[in-house]
Amino acid sequence: MSGRATKRDRPSAPVTGKELTEIEEVSVMLDVLIDELQRRGAIDKKEYSRLVAMRLHEISKARAFEELDKEL
C-alpha cells in the first residue's frame, strides 16, 4: 500500500479545478511534508534543499557519463 489517496478516498464533491498529474500530486505531498518537518524542527529546509540539489547534480552527472560510455 502506497499510502496515497485513491479516487474512492477523496471527497465526492464535484471537481471544480483541473485534474493534477501523479507527479504534481507527489510534488505537493513532498512540499507539505518538508514544510511540516521544518515547522516541527525535524529538518532545516535550507540544508535539505542544498542536499537535494547536490544529489540531483550527482545523478545527472552519473547519467551523462553512462550515456557517454554507451556511445564509446
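Here the working numbering is used: position 31 in the sequence shown is 31, and no number is missing along the way.
Think of the CB as a built atom: it goes at the ideal place given N, C-alpha and C, for glycine as much as any other residue.
Just so we're clear, the structure is a prediction, and the values are computed from it rather than from any experiment.
Could you pull out every residue in the same chain whose Cβ sits closer than 6 Å to the Cβ of residue i, ignoring the five residues on either side in sequence?
| i | result |
| --- | --- |
| I43 | L37 |
Do you know how far the Cα of residue j is from the Cα of residue i?
| i | j | result |
| --- | --- | --- |
| K45 | I59 | 21 Å |
| E71 | H57 | 21 Å |
| D35 | M29 | 10 Å |
| E25 | L33 | 12 Å |
| S49 | R39 | 15 Å |
Taking DSSP as the reference, what is the three-state secondary structure of residue i?
| i | result |
| --- | --- |
| R63 | helix |
| I87 | Residue 87 falls outside the range modelled here, since the chain spans only 1 to 72, and no answer is possible. |
| D44 | coil |
| M72 | Just to set this straight, residue 72 is Leu in the shown sequence, not Met. Reduced to three states, the DSSP call for L72 is coil. |
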